[in-house]
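Below is one structure, written out as structure tokens; comments come after it.
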Amino acid sequence: MPRNQRVAGVPADLAVILRDVGTLLLMQAGLLSLTVVVALVFGEFAPALGFLLAGGIAAGVGESCRRLFADAPDPKMKHGMVIAASGWFATAVFGGVAFSLVAWLTPVTTMAGYVPSWASWDPVTVAGATSRSSLLYFRNPLHAMFESMSGWTGSGLTMAAHEPSLPRSVQWWRSLIQYVGGVGVIVLTVTILSRPGSGSYALYRSEAREEKIHPSVVSTVRTVWKIFVGYTLLSVGLLFVALWWTQDLPLFETFWQALNHAMTGLSTGGFSVTDSSMESYNSPLVETVLLPVMTLGAIAFPIHYGLLHDREYSELYEDIQTRWLLLLLAAGIVVLSLQNLLVELPVEGYRATVASPVPTLSTAEFDAIRDGTFQWVSALSCTGFQSSPIGRWSDGGKLMLSVAMTLGGAAGSTVGGIKIIRGYTVSKGIQWQFARVFLPKSAVVSTELDGRRLDADAMNREFAEAAIVSLLWVILLLASSLVLVNVASGSYSDALFEVASAQGNVGLSSGITGPEMPAVAETMFLFNMWIGRLEIIPVLVLARSVLKGLDP
0 MPRNQRVAGV PADLAVILRD VGTLLLMQAG LLSLTVVVAL VFGEFAPALG
50 FLLAGGIAAG VGESCRRLFA DAPDPKMKHG MVIAASGWFA TAVFGGVAFS
100 LVAWLTPVTT MAGYVPSWAS WDPVTVAGAT SRSSLLYFRN PLHAMFESMS
150 GWTGSGLTMA AHEPSLPRSV QWWRSLIQYV GGVGVIVLTV TILSRPGSGS
200 YALYRSEARE EKIHPSVVST VRTVWKIFVG YTLLSVGLLF VALWWTQDLP
250 LFETFWQALN HAMTGLSTGG FSVTDSSMES YNSPLVETVL LPVMTLGAIA
300 FPIHYGLLHD REYSELYEDI QTRWLLLLLA AGIVVLSLQN LLVELPVEGY
350 RATVASPVPT LSTAEFDAIR DGTFQWVSAL SCTGFQSSPI GRWSDGGKLM
400 LSVAMTLGGA AGSTVGGIKI IRGYTVSKGI QWQFARVFLP KSAVVSTELD
450 GRRLDADAMN REFAEAAIVS LLWVILLLAS SLVLVNVASG SYSDALFEVA
500 SAQGNVGLSS GITGPEMPAV AETMFLFNMW IGRLEIIPVL VLARSVLKGL
550 DP
């Protein structure tokens with residue numbers, strides 16, 4: 000576009016960004032409206048008012064931007080990167096407004112009614128008010144923003160120390176934003192916009208997505224949502240049966256917990272409506288049902304489409320990412336289970352601390368294998384459901400899970416982390432560079448990557464992109480862990496684990512994250528989650544555009 004072109008008095012580049020960010024806010028306003036209905040169904044009138052006001056604010060700002068800059072041209076890739084970075088941040092900000100308004104508009108006496116009768120935790124004081132409901136924490140604007148960012152990015156770390164003490168509508172809102180954020184707020188918005196052409200593709204790619212199921216991006220994202228909703232219904236049914244079979248819960252509570260955990264499990268988000276995630280159930284059956292749910296969320300959507308629509312079962316081993324995901328899941332389960340049996344088992348405070356001297360599988364040994372299995376799948380899939388006290392694990396166990404959270408699952412799925420395809424590309428690139436040393440300069444070299452035959456220039460580009468993103472990711476991880484170990488209590492292994500969880504959008508915790516954590520650490524995590532979800536580059540493009548503009 001011409002350098003000096005303006006729309007409604009502002010530069011055209013800025014108009015493109017503001018218009019599409021405004022559309023993202025309208026999408027959020029729609030989700031808030033749905034949550035108002037949920038609040039009214041449960042008779043939660045104060046939270047309903049909070050969600051209504053938050054939705055009105057988001058709708059007002061979003062519609063103003065959309066109308067004012069309606070004549071802005073379609074976004075290009077440089078716009079898409081900035082729209083993704085600024086749009087995700089704006090979405091988290093307005094989501095935080097919802098948490099905060101609900102907390103401030105709900106009287107403390109009303110909050111007491113949300114605390115279950117069996118609760119034994121102590122009351123807390125925030126902003127001069129005292130309650131045993133974790134809703135009170137969200138009167139702190141930083142806690143509210145943190146919870147929103149964690150939800151939208153699918154991170155799962157939480158400021159709600161006791162989730163059962165939240166109103167049903169807030170529990171729903173936490174699950175809903177993880178559900179939508181797992182697939183992508185821009186993916187949802189592209190579905191709604193149905194905007195044809197390069198504009199939608201620019202937005203789609205800006206959200207760290209490349210593969211298309213159909214030639215049309217709009218058709219692709221609609222198919223993604225059909226697959227996602229179908230898996231959700233199946234997951235709700237399986238979890239309902241498992242909870243009904245193993246837990247002594249009222250029928251509606253069984254359904255409610257199945258629904259919320261299916262939403263956050265399949266989206267690899269990890270928010271829970273129980274007090275200690277999956278550890279509250281202490282149920283091998285529930286954990287077993289969740290294993291395929293979490294794994295499904297870590298497989299790329301085009302592979303799901305091939306399996307469901309085209310019956311291409313060979314893709315489970317022919318697709319590089321899926322094959323390596325399944326291999327890493329199997330290998331990690333074995334190694335982490337051995338780690339638990341040999342090292343974690345004697346640790347005081349572990350679920351079972353004494354192994355039987357007889358050569359049969361004791362309860363303690365079964366629990367060690369069970370926890371190794373569940374926590375490895377939860378970490379590699381970036382889900383963040385927690386079934387055991389990881390804070391009491393040895394440094395070796397935490398380091399293994401940190402590596403899994405850093406790598407993550409397949410690109411094109413709902414996971415965070417660096418992604419398997421980048422790890423594979425870096426590994427392949429190193430091998431390729433090493434092999435070239437032994438070839439004459441005149442040799443014409445090529446290599447195969449993910450079913451594609453690449454010449455030297457193409458391989459260099461692929462290797463450089465994967466290496467740069469991975470290097471930046473690791474540098475941010477190490478720098479943040481050094482900051483955390485100096486401002487929060489705990490060992491360096493705890494700090495590294497916690498940062499890997501935040502930046503990998505996972506949600507497992509060694510005990511550092513919570514309402515009492517230092518504000519510096521909480522603020523840093525907020526940015527770790529945001530940057531990790533967008534895979535760094537869009538955030539760097541945003542920073543560069545703020546300083547120098549979008550022109551070359």
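Heads up: the sequence shown runs through residues 0 to 551, numbered per numbering that gives the first Met the number 0. Virtual Cβ for every residue (Gly too), placed ideally from N, Cα, C.
Remark: fewer than three beta-carbon pairs, one from each stretch, lie closer than 8 angstroms, so the segment 279 to 290 and the segment 392 to 406 are not flagged as touching. For the pair Q177 and G268, the CB atoms are nearer than the 7 angstroms cut-off. By alpha-carbon distance to A97, the top candidate from P140, G49, P74 and V123 is G49. In this structure, DSSP gives S275 an extended state, which the three-state scheme calls strand. For E314, the three-state secondary structure derived from DSSP is helix. Inter-residue distance for A455 and S63 is about 49 angstroms (C-alpha atoms, whole angstroms). Residue environment: N485 is assigned as exposed (fewer than 16 neighbouring CB atoms within 10 Å of its CB, all protein chains considered).
Following the DSSP letters along the chain, one finds L453 inside the beta strand (DSSP E) bounded by residues R451 to D454. Shown here for G150: same chain residues with a beta carbon closer than 6 angstroms to its own, the five before and five after excluded, namely R173, I176 and Q177 in chain order. For V6 against A14, the beta-carbon gap comes to about 4 angstroms, under 8 angstroms, which counts as contact. Going by DSSP, T267 is part of no beta strand (DSSP E) at all; its letter is neither H nor E.
Shown here, T446 sits in a strand according to DSSP, grouped into three states. The segment 478 to 502 contains, as complete alpha helix (DSSP H) runs of 4+ residues, the segments 491 to 502 (chain order). At least 7 angstroms separates the beta-carbon of G422 from that of G415. In this chain, T105 is not harboured by any beta strand (DSSP E), its DSSP state being neither H nor E. The segment 510 to 538 is shown to contain no whole beta strand (DSSP E) run of 3 or more residues. Checking the DSSP bridge columns, you'll see T124 partnered with T129. Rounded to the nearest whole angstrom, the CA to CA distance from A499 to R532 is 12 angstroms.
For P10, the secondary structure class from DSSP, reduced to helix, strand or coil, is strand.
R65 counts as buried, since no fewer than 16 other beta carbons sit within 10 angstroms of its beta carbon. Excluding sequence positions up to five before and after S380, its CB lies within less than 7 angstroms of the CB of T267, M293, T294, G296, A297, G408 and V414, all in the same chain and listed in chain order. Only buried fits R369, as 16 or more other CB atoms lie within 10 angstroms of its CB. According to the DSSP secondary-structure assignment, R5 is paired through a beta bridge with P10. Apart from sequence neighbours up to five positions away, the residues of its chain that approach V538 with a beta-carbon distance below 8 angstroms are A84, W529 and I530, ordered along the chain.
Nearest to V182 by alpha-carbon distance, out of Y136, T231, D12 and N139, is T231. In the assembly as shown, R452 is an exposed residue. Its beta-carbon has fewer than 16 other beta-carbons within 10 Å. Per the coordinates, the alpha-carbon of T372 lies some 16 angstroms from the alpha-carbon of G264. The C-beta of L23 has 16 or more other C-beta atoms within 10 Å across all chains shown, which makes the residue buried.
Take the alpha-carbon of T321 and the one of T34: they are about 35 angstroms apart.
The alpha carbon of A91 has as its nearest neighbour, out of P122, H78 and A143, the alpha carbon of A143. In this chain, the alpha helix (DSSP H) harbouring T287 covers P283 to G296. Between L284 and A261, the gap from beta carbon to beta carbon reaches 7 angstroms or more. Apart from the 5 residues on each side of it in sequence, L17 sits with its Cβ closer than 7 angstroms to the Cβ of C64 and F68 in its chain, given in chain order. For F50, the uninterrupted alpha helix (DSSP H) run begins and ends at F44 to L67, by DSSP. CA-to-CA, the gap between D121 and A257 works out to about 28 angstroms. Excluding five sequence positions before and after L541, the CB atoms of its chain that fall closer than 8 angstroms to its own CB belong to M80, V81, A84 and S85, given in chain order.
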